[in-house]
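Residue numbers (the working numbering): 164 to 474.
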């Protein structure tokens, strides 16, 4: 049996798993991502993780697949920039040289799209869009049975599509008006503060937002308890998500959109369920079915595993 080790490098954690080309995970580990770690420390951490998760099966590992957020250079196997970490110009070829294994690198959203297409909701479809709403927003797209990568692997950086031409909120990347700056896990607190300035009324969540930074989970907790301002924030986030997704529908004409990522998967009644009617109203093209990812938060990790077999 031949295996692959997959790595999913998130903003706050790194997940590693050994698995098969059919997406069967044999063992999985999760460790925190040090936001201040230098490149050498990150490479050493990845090496230790790969050896630990593969154990005695390391000799049967055919390759290492890495799913990472941020700007990539696939030809140089480099993460150029990752906005939620300290990573700058991290060359992953060094890891392959140390372990004497080939390394495959994909954007985490693209890896998730690969997993959805081969193993998840997109199985049997030739045109799908995967949208991941988590700490940031990313995704990937399959067009006519081909996973689209772009010249450097940065196609579909959809979280950096501009949805607010006025640019009221600055993104972690330094740009303004970007989708993930408004409705991702890192963006919802900023959206709450922005809307608090003009909200008419008085609620506990409004007061909390005016006093200082809130967390994304609190938006949904207060909304579940009927807080009118939290519900206002959720409605505006839904509207903005629908605008962005309708643009993707008009660009790529998919038959299916799968929505994953931690924020969406943990709060489907607020993030995923309301999207279909909004997108149907906003789309020029025939709207696709919008579904929660059956792979959940595992999609990027599964995509990293099967990437060594399918690319």
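Idealized CB from N, CA, C, for every residue including glycine.
Selection 268, 302, 307, 303 evaluated against residue 287 yields 307 as nearest (Cα-Cα). The beta carbons of residue 279 and residue 421 sit closer together than 8 Å. Leaving aside the five residues that flank residue 198 on each side, the residues in its chain whose CB is nearer than 7 Å to its CB run, in chain order, 248, 249. Listed in chain order, the non-local C-beta contacts of residue 236 below 6 Å within the same chain comprise 243, 315, local neighbours out to five positions each way being set aside. Contact between residue 196 and residue 173 holds: their C-beta atoms lie close to 7 Å from each other, under 8 Å. Sequence-distant Cβ neighbours of residue 293 in its own chain, meaning closer than 6 Å and more than five residues away, are 275, 276, 279, 302, 303, 421. Between residue 435 and residue 455, the beta carbon gap of about 5 Å places them in contact (Cβ cut-off 8 Å). Here residue 321 is buried. Its C-beta has 16 or more other C-beta atoms within 10 Å. Annotated as distal: residue 463 and residue 203, with beta-carbon spacing of 8 Å or more.
According to the DSSP assignment, residue 449 belongs to no beta strand (DSSP E), since it is labelled neither H nor E.
Taking C-beta atoms under 8 Å as the contact rule, residue 264 and residue 227 qualify, at a distance of about 5 Å. With a 10 Å radius around the Cβ and a threshold of 16 neighbouring Cβ atoms, residue 423 comes out buried. Taking C-alpha positions only, residue 371 is separated from residue 377 by approximately 7 Å.
Taking C-beta atoms as the reference points, residue 212 and residue 258 fail to come closer than 8 Å.
The three-state reading of DSSP puts residue 176 in strand, counting E and B together. Pairing residue 356 with residue 343, the inter-Cα distance amounts to about 15 Å. Residue state for residue 232 is assigned as coil, using DSSP reduced to three classes. Residue 297 places its beta carbon 8 Å or farther from that of residue 457. Put simply, of 223, 384, 399, 215 the residue whose alpha carbon is nearest the alpha carbon of residue 193 is 215. The beta carbon of residue 201 sits closer than 8 Å to those of 249, all from its chain and outside the five residues before and after it, given in chain order. The beta carbon of residue 409 sits closer than 7 Å to the beta carbons of 442, 445, 446 from its chain, once the five residues preceding and following it are set aside; these are given in chain order. Around the C-beta of residue 271, 16 or more other C-beta atoms lie within 10 Å, and the residue is accordingly described as buried.
In the structure shown, residue 419 falls within a strand segment according to DSSP collapsed to helix, strand and coil. Contact between the region 328-337 and the region 359-369 is not established, with fewer than three Cβ pairs separated by less than 8 Å.
Here the C-alpha atom of residue 317 lies approximately 43 Å from the C-alpha atom of residue 365.
Between residue 397 and residue 386 the beta-carbon gap is near 5 Å, inside 8 Å, which marks them as a contact.
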